[in-house]
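According to mature numbering (1 follows the signal peptide of the UniProt record, and there is no 0), the sequence shown holds residues -29 to -1, 1 to 655 in order. All residues carry an ideal CB built from backbone N, CA and C; glycine is no exception. The structure displayed is predicted, hence computed values, not measured ones. Some notes on the structure that comes next.
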Amino acid sequence: AAGAERSWIGIGMGCAALLWGSILLGCSCGPGPPTVGAAPLLAATYVLDDAGGLGRQFDGIGAVSGGGATSRLLVNYQEPYRSQILDYLFKPNFGASLHILKVEIGGDAQSTDGTEPSHMHYENDENYFRGYEWWLMKEAKKRNPKIKLIGLPWAFPAWIGKGENWPYDYPDVTAYYIVSWILGAKQYHNLDIDYIGIWNERAFSSKYIKLLRYTLDKHGLEQVRIIASDRLWEPISFVLLIDSELHGVVDVIGAHYPGTKTVQNALLTEKKLWSSEDYSTFNDEVGAGCWARILNQNYVNGNMTATIAWNLVASYYEQLPFGRCGLMTAQEPWSGHYKVEAPIWITAHTTQFTQPGWSYLQVDGHLEGGGSFVALTDGLGNITIIIETMTHNHSKCIRPPLPNFSVTPQRATFYLKGSFYMVETLQRWHTRLGFESGKSSLFQQLKPVKVWKGRFSLDLNVDEVYTLTTLKTGQKCRFPEPPPPQPFPSNYKDDFNIRNPPFSEAPNFADQTGVFEYFVNASDPGDHVFTLRQVVVQRPITWVSDADQTISIIGNFQWVNMIVTCDIYIEKQHDGGVFIAGRVDNGGIYVRHTKGVFFWVFADGTYRVTGDLAGEEILMKGLSGVRDNAWHTLTLNIQGNSASGLLNGYPLWENVTISKPSNGWAALGTRSFEFAQFDNFHVE
């Protein structure tokens, strides 16, 4: 229908500005007579009709928590701020009003910005209260009982591979492990998981996928759908075409960062096509432009009926990889500060006026002057139209590279036909991303659009989003401003003395290799009953290159001078070891390359000071007299370009010269994947 009728309308510049202002005010005003030398405004018509049938069924807009540890700091927020953040994300007709929540099935390994704990660290171990994804899914369901839940592993505990870094050698073990997570979600949290994935952005095994379906059905989980393969369109699409048994068990083809395009084989499978991870872009106005463009064009160009953003909320230290690549930002639980970023309101343009189960109309969806539109219906006479006119430089996503295109101001005339012919008014919601002015207008309700004999026109400028809808339920809700931002406290203590902790991990510690959990020492006479313990004792089936040591970071990346003190307890005899550290400069997927000032003590009675986590850059070493299975107190003092260390309050080494890094977090950890305990942590 697009371009069936094209015309050029000349508008005098003075009137254009006037017309523009009145559109923003929600008035309607026709163009004046053409004037000499006026810039012509491109005009085109588009037909929206359901008489010939509908397009694909819409499956929803969602976001990922995990992959990894992206919601880590969210859980420590005090009320009311924590609930406010959750409302902006999940509450229907409030903010982002998400339809889908996808979470990581923790695998004890680094999965981008940290590790998330597994429900089964060891073969004979099951615990469905670790981490924070259970809590997050419950909070989402509390706000929107209809939200769809997806689980996907990035990594697996070591026992799954029986010593190999591969989850498919014993597919029955892997299937049992994943199905246990789904059953645990229901048994302990009354959560019904709707979809399950295979292995994030890594190889899939047809044999495993078939066995997973069999195992699900055997446990009465026929309603759980399978997504594959959370990587690229191929080879999964081709394999589905040649393996009819696999075709019968995979429900959705999920691709990551598809650049709004699909492939022929994927279409030939006749499966649902999803962008099961996308966005991953810094959440400023350009990030909002990226999100607006792909939310429409993933369907217009690629027939994708769900788009899921990585990530839900940027609740991790900003200097970790992909800082602030969430739909909103909540990275300061110590101050209560958070920020509702522009992508939240871009999301609302679609989510507040559609639901999974609606259908797309069959339209081309490309606007003549650049940009796109989609139209959806509930099949009961309601219609929602979402239009975006994002320009190239204002809508670049982090990946893939974006080919050049141009967008110009234009007039779009829509003809409503079929069951929409009788529509008389459409509610109008508008966003203008203000790149030149620096002021954006986000998700504002304007005066409704009058539809005359099934026809209405809109003058569209660049970098705008419009939603036109028969639904009157949209709302832009706001809480009072949260507290102002504050740096991490410069004097911070944690004695881990908590009898029934709400979460398995201590606040603000961000595990980067290994998992550090609250622990109760039943045998301890008193001083160290409640501790923090590193519990991963074999290298997991990794997603990236985890360190060979375990490490958890905390504090302010800008810290220069600091004193770190902690009681430590080595559990591993002979070659066990632990460290405390300062000026730690790296984490996430780059954790193997972490530098800093590391003070190590070992079970053999030696100590070392190194400039790196790997322990290769030795600055000082000697004897300490430390032994395993005894408590000792370590103190690390870094001032300017010099560091010194104390053991049990007495100087052990001093005047070690530090050249770089010049700043960083505090940290603690172990020499290898080994049990060890920490208590009375203090950084100043």
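Taking the beta strand (DSSP E) that residue i falls in, what are its first and last residues?
i: V420; result: 412 to 421
i: S615; result: 613 to 618
i: D249; result: 243 to 250
i: V144; result: Run containing V144: none in the beta strand (DSSP E); it sits in the alpha helix (DSSP H), 142 to 160.
i: L57; result: Where L57 is concerned, there is no enclosing beta strand (DSSP E), although the alpha helix (DSSP H) it sits in stretches over 52 to 61.
i: S200; result: 196 to 202
i: E46; result: According to the sequence shown, residue 46 is Val rather than Glu. Segment: none, V46 is in no beta strand (DSSP E) and carries neither H nor E.
i: Y309; result: 308 to 310
i: A552; result: 548 to 555
i: I279; result: 277 to 281
i: Y463; result: 463 to 465
Helix or strand or just coil, what does DSSP make of residue i?
i: G(-4); result: A caution first: G(-4) carries a pLDDT of 34, below 50, which makes its placement in the model too unreliable to give a value.
i: A346; result: strand
i: A174; result: coil
i: W329; result: strand
i: M91; result: coil
i: M108; result: helix
i: R598; result: coil
i: W571; result: strand
i: T186; result: helix
i: T355; result: strand
i: A129; result: helix
i: K543; result: coil
i: Y103; result: coil
i: F29; result: coil
i: V535; result: strand
i: H363; result: helix
i: D583; result: strand
i: residue 689; result: Because the chain here runs from -29 to 655, residue 689 falls outside it and cannot be looked at.
i: S633; result: coil
i: S36; result: strand
i: K117; result: coil
i: Y392; result: coil
i: G576; result: coil
i: G593; result: strand
i: V654; result: strand
i: V562; result: helix
Over what stretch of residues does the alpha helix (DSSP H) that includes residue i continue unbroken?
i: H320; result: 313 to 322
i: N269; result: 256 to 271
i: E645; result: E645 -> no alpha helix (DSSP H), and no H or E assigned at all.
i: E216; result: 215 to 220
i: Q495; result: Residue identity differs from the one stated: residue 495 is Asp in this sequence, not Gln. That residue, D495, is in no alpha helix (DSSP H); it is neither H nor E in DSSP.
i: I224; result: Looking at the DSSP string, I224 is not in any alpha helix (DSSP H); the run it does join, the beta strand (DSSP E), is 223 to 227.
i: R295; result: First-last for R295: undefined, no H or E at that position.
Please report the Cβ distance between residue i and residue j, rounded to the nearest whole angstrom; I am assuming they are in contact, meaning their Cβ atoms lie under 8 Å.
i: V210; j: K181; result: Wrong, their Cβ atoms sit about 12 Å apart, outside the cutoff.
i: K447; j: F414; result: 5 Å
i: S613; j: N634; result: About 15 Å separates the two Cβ atoms, so there is no contact after all.
i: N651; j: D538; result: 5 Å
i: residue 661; j: G33; result: It is not possible to answer for residue 661, since the shown part of the chain is limited to -29 through 655.
i: W571; j: R579; result: 5 Å
i: V271; j: V345; result: 6 Å
i: D599; j: I560; result: Contact doesn't hold; Cβ gap of about 32 Å is too wide.
i: T233; j: G297; result: T233 to G297, Cβ: 26 Å. No contact.
i: F528; j: Y141; result: Between Y141 and F528 the Cβ distance is about 41 Å, and since that is not below 8 Å, they are no contact.
Name the one or two DSSP bridge partners that residue i has.
i: N236; result: According to DSSP, N236 bridges with nothing at all.
i: H401; result: Q415, Y437
i: G520; result: It should be pointed out that residue 520 corresponds to Gln in this sequence rather than to Gly. Paired residues: none, contrary to the question.
i: H337; result: S343
i: E75; result: L123
i: F480; result: Beta-bridge pairing links F480 to no other residue.
i: P622; result: L617
i: Y489; result: L503
i: L605; result: C537, L618
i: F427; result: F385
i: A285; result: T300
Stretch-stretch touch, CB-based, cutoff 8 Å, three pairs: the segment 248 to 266 with the segment 307 to 314: Yes, they touch.
Segment contact flag, the segment 488 to 495 with the segment 467 to 480, C-beta cutoff 8 Å, min 3 pairs: Counting C-beta pairs closer than 8 Å gives three or more between the segment 488 to 495 and the segment 467 to 480, which meets the contact rule.
Stretch-stretch touch, CB-based, cutoff 8 Å, three pairs: the segment 183 to 197 with the segment 135 to 151: Flag = yes, the segment 183 to 197 and the segment 135 to 151 touch.
Inter-stretch contact (C-beta, 8 Å, three-pair minimum) for the segment 388 to 406 and the segment 414 to 430: The segment 388 to 406 vs the segment 414 to 430: in contact.
Cβ pair count under 8 Å reaching 3, the segment 453 to 470 against the segment 64 to 74: Contact between the segment 453 to 470 and the segment 64 to 74 is not established, with fewer than three Cβ pairs separated by less than 8 Å.
Contact the segment 119 to 136 vs the segment 503 to 520: 3+ CB pairs below 8 Å: These segments touch.
Sufficient close CB pairs (3 or more, under 8 Å) joining the segment 354 to 365 to the segment 89 to 109: No: fewer than three Cβ pairs fall under 8 Å.
Three-pair Cβ contact test at 8 Å for the segment 545 to 557 versus the segment 636 to 647: Touching, yes.
Three-pair Cβ contact test at 8 Å for the segment 162 to 169 versus the segment 114 to 124: With a cut-off of 8 Å, the segment 114 to 124 and the segment 162 to 169 count as touching, because enough Cβ pairs lie within range.
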